[in-house]
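Following: one structure in structure tokens, then a few remarks.
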Amino acid sequence: MSGLVVDAERCIGCRRCVRACGSAGIEVVDRLARPTQGCILCGACVDACPVDAISIERDASASGQDLDAYRDIWVFAQLDAAGSVERVALELVGKARQLAAVRGCRVVAVLGEGAGASDDNARLLMSSGADEVLRCRDDRLATLDTEVYARWLTSLAEERRPETVLLGATAFGRELAPAVAVRLRTGLTADCTVLEIDQASGQLQQTRPAFGGNLMATIVCPGHRPQMATVRPGIFPVPDPADGSSLTASSEGDATSDGQTSGERPASGAAADDVTEVKLDPAVSSRIRVLEHEPVDAGASIADAEVLVVVGRGIGSKKNLPLMRRLAELLGAELGCTRPLVEAGWLEYRHQVGQTGVSVAPRLLLSIGVSGAIQHLAGIGGAQTVVAINEDSEAPIFGASDCCVVGDCIEVVNELVAQLERRS
21 MSGLVVDAER CIGCRRCVRA CGSAGIEVVD RLARPTQGCI LCGACVDACP VDAISIERDA
81 SASGQDLDAY RDIWVFAQLD AAGSVERVAL ELVGKARQLA AVRGCRVVAV LGEGAGASDD
141 NARLLMSSGA DEVLRCRDDR LATLDTEVYA RWLTSLAEER RPETVLLGAT AFGRELAPAV
201 AVRLRTGLTA DCTVLEIDQA SGQLQQTRPA FGGNLMATIV CPGHRPQMAT VRPGIFPVPD
261 PADGSSLTAS SEGDATSDGQ TSGERPASGA AADDVTEVKL DPAVSSRIRV LEHEPVDAGA
321 SIADAEVLVV VGRGIGSKKN LPLMRRLAEL LGAELGCTRP LVEAGWLEYR HQVGQTGVSV
381 APRLLLSIGV SGAIQHLAGI GGAQTVVAIN EDSEAPIFGA SDCCVVGDCI EVVNELVAQL
441 ERRS
């Protein structure tokens, strides 16, 4: 039985464990520590105990699963409104390729499309790093219906037993992932910023901001499979497509007959690069009927911007926003901001960059008057080049920047605008 264990002979009732616990998960009664219902097995009390009286027992077989029977890393390939693979799915295929090389397994993309769809999406997924594509062409999957997709993915996972399932933390992905996890009775880590394989245990280490972004927590799922995580768009780079990938459709069950488990992806066009057609249970039906689609013009998304100007409280006041907009215009950039500016009503939420906003991965990010809180840095990790302007030479943003300018941001931006206008 998993749980917190206190050695009564060693415990001295010093209460250091109580002070270390952030969830009221342990108490001291009659000079003896004991866990409460608030315990989340975080291990803080174990580290705090000076006499090693506290330990955590984890029963890896508590789920009743044969963990060795699970194999491969799956990526859910969500489609956008135009029927193309979302960028975040390609980002996850690239990351899964790296994880699979360590784990010694394959990368499998799971693709749901409407009947009559072309092979373009499957080709793109394989050229981006997938060893196999599980594809279902069914008009019930043409609409992003959480219940339909959840029942389909759950059925596939129960049959094929993936070790890991990754989904993009889009609006639909955040709704779909927990629906699948609860059906599979497994764990789920949301909004991850780092994914790594532990060399010793082979477990997926899922890192995400915690406690309001004040620290980074690494989470594992030791006793259940599949391991599930969602990742925000823009965290990982999109892999360069391989040249000359071929597409060979096969009937359900044929794709894995070669028994390949190597973490190294075969050369383009190899027999292992294939598409397996899978089915959606005829009994699955949607309880939602779409009456019509109403397009919404939300403007350009900062998540897709190649060049981005991000402003923070250091710009002084809202009256300086026109200057920042002019700089963005001259650079051909989109305008982003930090959370305090959105809360102050200076800009709309769609401009917010960071843990609670949008994760971005531009070629160039110009940061102006941004201090660089951990919540914000979590959202710009994918930027290729970061140029920061701040009058505080100790600002954390400089630690994540390629080029640092210490000075008054308004003066610096005025000079930048003047220089760019003279060149235009």
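In the numbering used here, the protein residues as written are 21 to 444.
Ideal placement from N, C-alpha and C gives every residue a C-beta, glycine not left out.
Among the options, the one whose alpha carbon lies nearest that of residue i
i, options, result
"residue 56", "64, 62 and 47", "47"
"residue 210", "404, 376, 359 and 397", "376"
"residue 373", "386, 399, 348 and 388", "399"
"residue 204", "172, 36 and 416", "172"
"residue 100", "86, 111, 163 and 127", "163"
"residue 110", "367, 131 and 52", "131"
"residue 217", "24, 124, 64 and 394", "124"
"residue 45", "51, 389, 33 and 24", "24"
"residue 137", "77, 151, 157 and 150", "157"
"residue 383", "340, 327 and 411", "327"
"residue 304", "135, 26, 161 and 60", "161"
"residue 386", "213, 405, 221 and 393", "405"
"residue 221", "60, 87, 360 and 98", "87"
"residue 200", "176, 212 and 260", "176"
"residue 362", "338, 76 and 380", "338"
"residue 395", "379, 407 and 389", "379"
Which of helix, strand or coil DSSP assigns to residue i
i, result
"residue 358", "coil"
"residue 330", "strand"
"residue 240", "coil"
"residue 221", "coil"
"residue 166", "helix"
"residue 375", "coil"
"residue 298", "coil"
"residue 23", "strand"
"residue 230", "strand"
"residue 278", "With a pLDDT of only 39 at residue 278, under the threshold of 50, the placement of this residue in the model should not be trusted; the figure read from the coordinates follows. If DSSP states are grouped into helix, strand and coil, residue 278 belongs with coil."
"residue 176", "helix"
"residue 53", "strand"
Buried versus exposed, by CB contacts within 10 Å (16 or more), residue i
i, result
"residue 153", "buried"
"residue 148", "buried"
"residue 423", "exposed"
"residue 10", "Because residue 10 is not part of the residues shown, which for the chain are 21 to 444, the question remains open."
"residue 444", "exposed"
"residue 391", "buried"
"residue 115", "buried"
"residue 28", "exposed"
"residue 195", "exposed"
"residue 129", "buried"
"residue 169", "buried"
"residue 417", "buried"
"residue 352", "exposed"
"residue 358", "buried"
"residue 155", "buried"
"residue 442", "exposed"
"residue 356", "buried"
"residue 197", "buried"
"residue 397", "buried"
"residue 342", "exposed"
"residue 302", "exposed"
Opening and closing residue of the beta strand (DSSP E) in which residue i lies
i, result
"residue 202", "Not the beta strand (DSSP E): residue 202 falls in the alpha helix (DSSP H), residues 191-204."
"residue 247", "247-251"
"residue 155", "152-157"
"residue 77", "74-77"
"residue 211", "208-212"
"residue 387", "384-388"
"residue 93", "93-97"
"residue 411", "Segment: none, residue 411 is in no beta strand (DSSP E) and carries neither H nor E."
"residue 188", "184-188"
"residue 425", "423-426"
N- and C-terminal bounds of the alpha helix (DSSP H) containing residue i
i, result
"residue 133", "Careful: residue 133 lies outside any alpha helix (DSSP H), inside the beta strand (DSSP E) at 127-133."
"residue 340", "Looking at the DSSP string, residue 340 is not in any alpha helix (DSSP H), and its letter there is neither H nor E."
"residue 108", "107-123"
"residue 441", "429-443"
"residue 38", "36-40"
"residue 144", "140-147"
"residue 66", "64-68"
"residue 394", "394-397"
CB contact below 8 Å: residue i versus chain C
i, result
"residue 146", "The structure shown contains no chain C; it holds only a single protein chain."
contact_flag[the stretch 207-226, the stretch 238-251] where n(CB pairs < 8 Å) is 3 or more: yes
query: Three or more beta-carbon pairs under 8 Å between the stretch 101-108 and the stretch 135-144, yes or no?
result: yes
message: When you compare the stretch 53-71 with the stretch 30-42, are there three or more beta-carbon pairs, one atom per stretch, that lie closer than 8 Å?
response: yes
Sufficient close CB pairs (3 or more, under 8 Å) joining the stretch 249-257 to the stretch 390-407: yes
message: Count Cβ pairs between the stretch 359-368 and the stretch 406-416 that sit closer than 8 Å; are there 3 or more?
response: no
query: Are there three or more Cβ pairs, one per stretch, closer than 8 Å when the stretch 175-192 is compared with the stretch 327-336?
result: no
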